[in-house]
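**Q**
Protein chains in written order, with this note's numbering: chain S, 1 to 416; chain H, 1 to 416.
1) Is the stretch 55 to 63 of chain S close to the stretch 130 to 147 of chain S, with three or more CB pairs under 8 Å?
2) Out of H/34, H/194, H/11 and H/396, which one is the CA nearest neighbour of residue 169 of chain H?
3) What do you reckon, are the CB atoms on residue 158 of chain S and residue 117 of chain S nearer than 8 Å?
4) So, is the C-beta of residue 11 of chain H closer than 8 Å to a C-beta in chain S?
5) Quick test of your reading: residue 371 of chain H and residue 354 of chain H, contact by CB under 8 Å. State the CB separation rounded to the nearest angstrom.
6) Taking residue 49 of chain H as the reference, which of H/12, H/36 and H/7 has the closest Cα?
7) Kindly list the residues whose CB is nearer than 6 Å to the CB of residue 196 of chain S, restricted to its own chain and excluding five residues on each side of it in sequence; keep chain order.
8) Is there a Cβ from chain H that is less than 8 Å from the Cβ of residue 16 of chain S?
9) Any contact between the stretch 23 to 34 of chain S and the stretch 82 to 91 of chain S? By contact I mean 3 or more CB pairs, one from each, below 8 Å.
10) Quick one, are the C-beta atoms of residue 277 of chain H and residue 305 of chain H less than 8 Å apart?
11) Starting from residue 62 of chain H, trace the beta strand (DSSP E) both ways and give me its first and last residue.
12) By the three-class DSSP mapping on this structure, what secondary structure does residue 376 of chain H have?
13) How would you call residue 106 of chain S, buried or exposed, if buried means at least 16 neighbouring beta carbons within 10 angstroms?
14) Cβ of residue 344 of chain H less than 8 Å from any chain S Cβ?
15) By how many angstroms is the C-alpha of residue 282 of chain H removed from the C-alpha of residue 359 of chain S?
16) Quick check on residue 35 of chain H: does DSSP put it in helix, strand or coil?
17) Please identify the residue among S/133, S/20, S/209 and S/228 whose C-alpha is closest to the C-alpha of residue 219 of chain S.
18) Suppose you measure from the CA of residue 32 of chain S to the CA of residue 401 of chain S; what does that come to, to the nearest Å?
19) For residue 393 of chain S, which residues from the same chain have a beta carbon less than 6 Å from its beta carbon, with the 5 sequence-adjacent residues on both sides left out?
20) Counting contacts by CB-CB distance shorter than 8 Å, is residue 204 of chain S in contact with chain H?
21) According to DSSP, simplified to helix, strand and coil, what is residue 82 of chain S?
22) Measure from the alpha carbon of residue 54 of chain H to the alpha carbon of each residue in H/80, H/75, H/167 and H/69, then state which is nearest.
23) Looking at the unbroken alpha helix (DSSP H) that takes in residue 262 of chain H, where does it start and where does it end?
24) Could you give the DSSP three-state label for residue 17 of chain H: helix, strand or coil?
25) Output the distance between the C-alpha atoms of residue 275 of chain S and residue 185 of chain H, rounded to the nearest integer angstrom.
26) Who are the neighbours of residue 286 of chain H on chain S, taking C-beta pairs under 7 Å?
27) Can you confirm whether residue 296 of chain H, when its beta carbon is compared against all beta carbons of chain S, has any partner nearer than 8 Å?
28) Going along chain H, which residues have a C-beta under 9 Å from residue 84 of chain S?
29) How big is the Cα-Cα spacing for residue 256 of chain H and residue 379 of chain S?
30) From which residue to which residue does the alpha helix (DSSP H) around residue 231 of chain H run?
31) Output needed for residue 426 of chain H: all residues of its chain with C-beta closer than 7 Å, excluding positions within five of it in sequence on either side, in chain order.
32) Can you check whether the C-beta of residue 358 of chain S is within less than 8 Å of a C-beta belonging to chain H?
33) In angstroms, rounded to a whole number, what distance separates the CA positions of residue 285 of chain S and residue 374 of chain S?
34) Hey, out of S/212, S/10 and S/297, whose CA is closest to residue 254 of chain S's CA?
35) Based on Cα-Cα distance, which residue from H/178, H/302, H/103 and H/327 lies nearest to residue 309 of chain S?
36) Given a cut-off of 8 Å, decide if residue 179 of chain S and residue 221 of chain S are closer than it, judged by their beta-carbon atoms.
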């Protein structure tokens with residue numbers, strides 16, 4: 001089954017509103033086994049709507065139309081649908097009662113403009129809108145199904161989940177489509193592509209791979225299309241296992257998981273605590289950790305040491321170390337990590353010092369040079385990296401790299 | 001001039017990524033006086049791309065194509081463009097040198113897959129990508145201009161602003177469209193609307209007002225459309241002044257300015273230093289401040305005190321204060337602000353303590369309760385606020401409110 005999404009609204013075209021409906025609908029349809037072949041955004045204009053509907057009929061079995069159903073004059077969708085489906089507006093009692101109920105609940109009287117929202121094209125099946133006044137409309141023309149929905153996300157979403165998808169499942173045998181995303185840290189897209197190239201080439205046609213890179217992370221999504229759910233689940237599981245086995249040092253989680261969540265879970269499980277000492281990341285690691293609800297159970301705090309003075313006074317980095325090796329060195333971050341661990345009396349600590357840029361680079365230590373240390377009850381591990389030349393991304397990459405180093409330490413500790 | 005945006009990418013259709021490029025491009029083109037008549041999202045498929053390009057040619061003068069230019073096998077855009085424009089890939093030395101430079105800067109060798117990114121269709125004008133390895137491509141066919149761009153927003157945006165829009169302006173007479181955005185903090189959208197309602201109603205038709213609310217901020221954008229540039233500049237300046245005069249306590253800056261930038265500038269001008277003591281904001285204020293290049297000149301660091309232990313040990317908050325008034329109180333943040341200012345020997349300091357949620361609220365101090373103190377050489381000012389019930393937004397709003405309080409202190413100090 002092929003679907004197309006038609007979003008109507010000037011506000012989308014001029015970029016006043018980001019089109020989140022397209023993404024949400026795309027995900028829901030994909031998960032139901034319906035292939036979204038296209039999304040189109042057009043203005044609130046009769047001609048544009050008529051053309052988009054006619055084009056869609058040529059290539060799609062299902063057309064989801066959003067927007068343009070408001071009570072104001074610039075919303076022309078409903079009248080245009082009447083033209084396209086050669087029908088006329090009729091008063092719909094149940095929709096009117098819905099409008100009335102919503103207005104009365106707020107102590108308001110129904111206005112003429114709102115009364116018009118209860119008029120629907122005669123040939124459609126109305127879809128009740130429990131979160132607004134504009135009903136949805138289901139049309140069939142030839143072998144194509146058209147559904148018109150309001151553009152407000154919290155009105156549209158329950159109409160899709162509670163009415164449209166169940167009705168489609170009843171009427172059509174939809175294929176099973178499953179997906180899983182593998183998260184990696186510490187390896188670039190092209191290095192992954194090279195590492196898994198042979199395996200990727202050997203994948204059968206019903207399995208798709210997509211790379212979704214972000215600063216400091218690459219997400220790899222596997223999609224399986226099948227007919228039998230159990231078989232598809234098994235096939236996806238096997239492929240995911242194979243893929244992880246090819247990237248054992250870089251894989252850290254699935255789907256929407258974050259490193260800060262995973263670390264929080266591991267620390268909670270162990271009943272251990274954490275502190276951070278940050279120079280170039282400037283508090284960003286602490287921010288990621290404390291963005292997780294309940295992080296106060298394991299996170300004691302951080303010292304952002306943006307000056308050498310603070311590194312010496314509070315973190316007890318020795319002056320000799322700073323002079324001999326510099327603030328950005330494995331020696332300094334090792335002392336920072338020990339310093340914060342002792343000072344805050346935590347089990348683990350992270351310390352980072354680097355040159356985020358754009359200024360401050362030298363030949364020996366160019367912009368992007370970053371040292372990270374992880375202190376655990378047993379030892380301190382320090383590493384030196386060279387990231388890129390963009391300040392914001394360097395901060396992000398340094399933070400994710402540090403969190404991943406800590407994750408590995410925590411896992412090692414659990415194993416041994 | 002009519003434009004169309006063609007976004008290529010399976011990840012957009014299945015909703016794994018929200019299409020923010022369409023909104024950003026729509027806004028830039030609209031502001032340049034170019035009408036966006038349609039945006040289309042299609043899969044990484046040769047046939048779909050060919051069809052979309054042919055359809056676009058029928059109705060648009062300008063077609064902006066995004067995505068599908070990565071080094072991996074699922075990216076088919078470049079080869080398909082060769083077919084459509086009846087040309088072939090050729091090696092482009094300048095693009096290769098860009099790839100090489102980016103790899104060498106990170107101490108990496110260029111791989112075959114990356115080398116291929118420097119191959120471009122022979123008939124196009126290449127557009128340098130200063131933030132990535134895939135060059136942009138400018139084609140002309142009949143009276144239609146096609147531009148293919150990488151899908152990564154921070155790569156695409158400067159290519160549009162620095163190359164494509166200037167080149168379009170050179171070739172076409174576009175109307176004069178000017179905009180200026182006024183930034184406010186500490187007042188909600190509906191309060192602003194009420195305050196400026198009369199003035200807003202009196203605006204002439206060629207001036208548009210848009211509210212762009214974000215957690216903790218409301219941006220108000222004024223757009224003037226005209227034919228004469230000088231006149232439009234003057235009109236915009238006058239309206240901006242009028243608007244600011246209506247919101248004197250809340251206005252803090254223009255356009256893309258941030259509070260952290262403004263504070264950095266003020267501290268630099270005064271030659272003064274800053275430290276922060278953060279509880280509920282968890283390092284986010286320090287992160288904002290240190291996201292500004294050169295912040296090490298005025299920012300000495302932060303103590304993220306996520307436990308009372310750290311508040312007492314390092315910030316020297318008295319145990320009696322914590323017991324009598326609680327960690328979230330004006331008394332505690334006052335001592336935190338003094339503590340960090342003394343400890344780090346800075347001129348100014350910010351201290352924040354609050355209940356970010358979702359847990360931890362009480363009847364007396366519900367989720368969202370936040371206390372903020374600013375210490376300056378003369379005094380400490382503390383205030384108590386009640387924000388919302390969403391953890392991430394509470395952190396953001398608390399940080400912006402604190403930065404704005406510091407900004408006011410710095411300005412007062414400059415005046416007196």
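Glycine included, each C-beta is placed from N, C-alpha and C at the ideal position.
**A** By the coordinates alone:
1) yes
2) Numbered from its first residue, the second chain carries residue 169 of chain H at position 169. For the residues H/34, H/194, H/11 and H/396, the minimum Cα distance to residue 169 of chain H belongs to H/34.
3) Start at 1 with the first residue of the first chain, and residue 158 of chain S comes out as number 158. Start at 1 with the first residue of the first chain, and residue 117 of chain S comes out as number 117. No, the pair does not count as a contact, with Cβ atoms beyond the cut-off.
4) Within the second chain, the letter at position 11 stands for residue 11 of chain H. Residue 11 of chain H counts as touching chain S.
5) Translated into the one-based positions of the second chain, residue 371 of chain H becomes position 371. Translated into the one-based positions of the second chain, residue 354 of chain H becomes position 354. Residue 371 of chain H to residue 354 of chain H, Cβ: 6 Å. Contact.
6) Taking the second chain and counting its residues from 1, one reaches residue 49 of chain H at position 49. Closest option to residue 49 of chain H, Cα to Cα, is H/7.
7) On the first chain, position 196 is the one that residue 196 of chain S refers to. So the qualifying residues of the chain are 246.
8) In the first chain, the residue the question calls residue 16 of chain S occupies position 16. Taking Cβ atoms only, chain H reaches closer than 8 Å to residue 16 of chain S, which makes this a yes.
9) no
10) Position 277 of the second chain, counted from the start, is the residue given in the question as residue 277 of chain H. Position 305 of the second chain, counted from the start, is the residue given in the question as residue 305 of chain H. Yes, they are a contact pair.
11) Position 62 of the second chain, counted from the start, is the residue given in the question as residue 62 of chain H. Its beta strand (DSSP E) spans residues 62 to 66.
12) The residue given as residue 376 of chain H occupies position 376 in the second chain. If DSSP states are grouped into helix, strand and coil, residue 376 of chain H belongs with coil.
13) On the first chain, residue 106 of chain S is found 106 positions in, with the first residue counted as 1. It counts as exposed.
14) In the second chain, counting from the first residue as 1, residue 344 of chain H sits at position 344. So yes, residue 344 of chain H belongs to the interface.
15) Translated into positions along the first chain, residue 359 of chain S becomes position 359. Translated into positions along the second chain, residue 282 of chain H becomes position 282. Those two C-alpha atoms are separated by around 27 Å.
16) For the purposes of this step, residue 35 of chain H is identified with residue 35 of the second chain, where counting begins at 1. Reduced to three states, the DSSP call for residue 35 of chain H is strand.
17) As a first step, residue 219 of chain S is located in the first chain; it is residue number 219 there, counting from the start. It is S/209.
18) As a first step, residue 32 of chain S must be located in the first chain, where it is residue number 32. As a first step, residue 401 of chain S must be located in the first chain, where it is residue number 401. The alpha-carbon atoms of residue 32 of chain S and residue 401 of chain S are separated by roughly 36 Å.
19) What you label residue 393 of chain S is simply residue 393 of the first chain in a count that begins at 1. If we look at residue 393 of chain S and ignore the five residues flanking it on each side, its Cβ neighbours are 215.
20) The residue given as residue 204 of chain S occupies position 204 in the first chain. Chain H contact via Cβ: absent.
21) As a working mapping, residue 82 of chain S is identified with position 82 in the first chain. Residue state, collapsed to three classes: helix.
22) Here residue 54 of chain H corresponds to residue number 54 of the second chain, with the count starting at 1. Checking every option, the nearest Cα to that of residue 54 of chain H belongs to H/80.
23) Against the second chain, residue 262 of chain H aligns to sequence position 262. From DSSP, the alpha helix (DSSP H) with residue 262 of chain H extends over 259 to 270.
24) The count along the second chain starts at 1 and reaches residue 17 of chain H at position 17. Correct three-state label for residue 17 of chain H: coil.
25) Translated into positions along the first chain, residue 275 of chain S becomes position 275. Translated into positions along the second chain, residue 185 of chain H becomes position 185. The alpha-carbon atoms of residue 275 of chain S and residue 185 of chain H are separated by roughly 32 Å.
26) Looking up residue 286 of chain H in the second chain gives position 286. Near residue 286 of chain H (Cβ distances below 7 Å), the residues of chain S are 282, 283 and 304.
27) As a position in the second chain, residue 296 of chain H is number 296, starting the count at 1. Interface residue, yes.
28) Locating residue 84 of chain S in the first chain gives position 84, counting from the first residue. Going along chain H, no residue has its Cβ under 9 Å from residue 84 of chain S, so there is no contact; the nearest lies around 18 Å.
29) The count along the second chain starts at 1 and reaches residue 256 of chain H at position 256. The count along the first chain starts at 1 and reaches residue 379 of chain S at position 379. If you take the alpha carbons of residue 256 of chain H and residue 379 of chain S, they lie about 45 Å apart.
30) Your numbering for residue 231 of chain H matches position 231 in the second chain. Per DSSP, residue 231 of chain H belongs to the alpha helix (DSSP H) from 229 to 246.
31) Missing from the structure shown is residue 426 of chain H; chain H here goes from 1 to 416 and no further.
32) For the purposes of this step, residue 358 of chain S is identified with residue 358 of the first chain, where counting begins at 1. At least one chain H Cβ lies under 8 Å of residue 358 of chain S.
33) Locating residue 285 of chain S in the first chain gives position 285, where the first residue counts as 1. Locating residue 374 of chain S in the first chain gives position 374, where the first residue counts as 1. Rounded to the nearest angstrom, the two C-alpha atoms are 13 Å apart.
34) Translated into positions along the first chain, residue 254 of chain S becomes position 254. The shortest C-alpha separation from residue 254 of chain S is found at S/212.
35) On the first chain, residue 309 of chain S is found 309 positions in, with the first residue counted as 1. Considering only alpha carbons, the answer is H/302.
36) Along the first chain, read from residue 1 onward, the residue named residue 221 of chain S stands at position 221. Along the first chain, read from residue 1 onward, the residue named residue 179 of chain S stands at position 179. Closer than 8 Å, so yes.
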